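The structure appears below as structure tokens.
Structure follows, in structure tokens:
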């Protein structure tokens, strides 16, 4: 069983899908591990660290030759996988809804594409969930970056010269990233509030010491909480939420938006008119900018300014914490593959529940039901 890891080539991608820690663990299972030279440099992992762990290090063509499994943070182009074993697995994030042509290309070459972002949110798959591990870091970094861009202190400070009021932070969308953003802002001493269309998150918000801002007496989303994600909101709820947010957002110093709907454009949460009500010097961090953005006027990988408010929109926030993000991603991949490792076969053998959920292509065809019905 040969496992290969290539250097990431997507713009701005600093993470790597294997660390020396997980390389040792795969070798312990009996696998041969090969890593492209320089694959871990941007995550502060030199080639020597992989070699010391027992991995082969070399050029891409040598690494991928005969590979049974290729692991990546973002799925590599099919062209660089020529030479991999017939029917080789590629375990990575694929952005399948937006990059269907890449999925079809994988099918055309007979590769078996395993989309890690399709990992089901069930108890036994929690340690394999790359979306959760990376979102956790993204929520943390969003607050840190916003605090850096904000020209004032976060906590209340009582000094001989007078009192500095605590920053007001509003988190919109309380999934994994939102919960970490709340916790981080609280640790920094901010006055934190949060909202979500899923009423079940109210207790989670309050448990972290934040104020829950919720629309009352209006039906929420359709299929609330299915799979741990939100789905589309009703028009009545959208109108009620917009009114509530408009009155609350004008008082905030920092807003973190995290709302995503799988397979669709990110919902618009903040309009230009709402931005105009915020105080000059306020900051908005749009974690959903890569899927169209929650904030009107946010631009991927740029810091823009509207009405005196800074809008930060980095499309790959976890990549700004490359070392930790790589460590967690690599563990997710190891936890996934090792959970299905068959000692007799000398390789992982997937079951139906998880295998069918994440498998995009097999035997020259696109087999994912989620993609077929989208």
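Residue numbers (this note's numbering): 827 to 1200.
The beta carbon of each residue, even a glycine, is placed where N, CA and C say it ideally should be.
Just so we're clear, the structure is a prediction, and the values are computed from it rather than from any experiment.
Might you give, ordered along the chain, the residues of its own chain that have their beta carbon closer than 6 Å to the beta carbon of residue i, omitting 5 neighbours on each side?
| i | result |
| --- | --- |
| residue 870 | 1149 |
| residue 1090 | none |
| residue 1153 | 845 |
| residue 1017 | 992 and 994 |
| residue 935 | 904 |
| residue 1134 | 1106 |
| residue 829 | 852, 857, 859 and 895 |
| residue 832 | 862, 886 and 902 |
| residue 873 | 863 and 883 |
| residue 1006 | 962, 965 and 966 |
Would you call the CB atoms of residue i and residue j closer than 7 Å?
| i | j | result |
| --- | --- | --- |
| residue 1079 | residue 994 | yes |
| residue 910 | residue 883 | no |
| residue 1151 | residue 1141 | no |
| residue 901 | residue 920 | yes |
| residue 1021 | residue 1008 | no |
| residue 1192 | residue 929 | yes |
| residue 1199 | residue 932 | no |
Distance check for residue j and residue i, CA to CA, integer angstroms please.
| i | j | result |
| --- | --- | --- |
| residue 966 | residue 848 | 24 Å |
| residue 1175 | residue 955 | 18 Å |
| residue 1077 | residue 1019 | 11 Å |
| residue 1144 | residue 1099 | 30 Å |
| residue 1196 | residue 989 | 54 Å |
| residue 1183 | residue 987 | 60 Å |
| residue 1048 | residue 1063 | Low confidence applies here, because residue 1048 scores a pLDDT of 45, under 50, leaving its location unreliable; read the following figure in that light. Using only the alpha carbons, I get a separation of about 10 Å. |
| residue 980 | residue 1094 | 27 Å |
| residue 1171 | residue 855 | 12 Å |
| residue 1034 | residue 925 | 37 Å |
| residue 866 | residue 876 | 9 Å |
Between residue i and residue j, how many whole angstroms is the CB-CB distance? I'm expecting something under 8 Å.
| i | j | result |
| --- | --- | --- |
| residue 999 | residue 1083 | 6 Å |
| residue 996 | residue 1075 | 6 Å |
| residue 843 | residue 899 | 5 Å |
| residue 1096 | residue 1122 | 6 Å |
What does a CB cutoff of less than 8 Å around residue i pick up in its chain, not counting 5 residues either side in sequence?
| i | result |
| --- | --- |
| residue 1161 | 953 and 954 |
| residue 912 | 936 |
| residue 978 | 990, 993, 1079 and 1107 |
Which residues in the same chain have their Cβ closer than 7 Å to the Cβ of residue i, if we skip the five residues on either side of it in sequence?
| i | result |
| --- | --- |
| residue 1118 | 1091 and 1092 |
| residue 881 | 849, 859, 860 and 861 |
| residue 972 | 1080, 1082, 1109, 1111 and 1138 |
| residue 1157 | 848 |
Cβ-heavy atom distance between residue i and the ligand ADP below 6 Å?
| i | result |
| --- | --- |
| residue 1068 | Only the bare structure without any ligand can be found here, which leaves the ligand ADP out of the picture. |
Quick check for students: name the residue ranges of the alpha helix (DSSP H) that lie wholly in the region 982-1040, counting only runs of 4 or more. 1002-1013 and 1028-1033
List in chain order: all unbroken beta strand (DSSP E) runs of 3+ residues lying wholly within the region 881-941. 882-884, 895-900, 915-919 and 938-941
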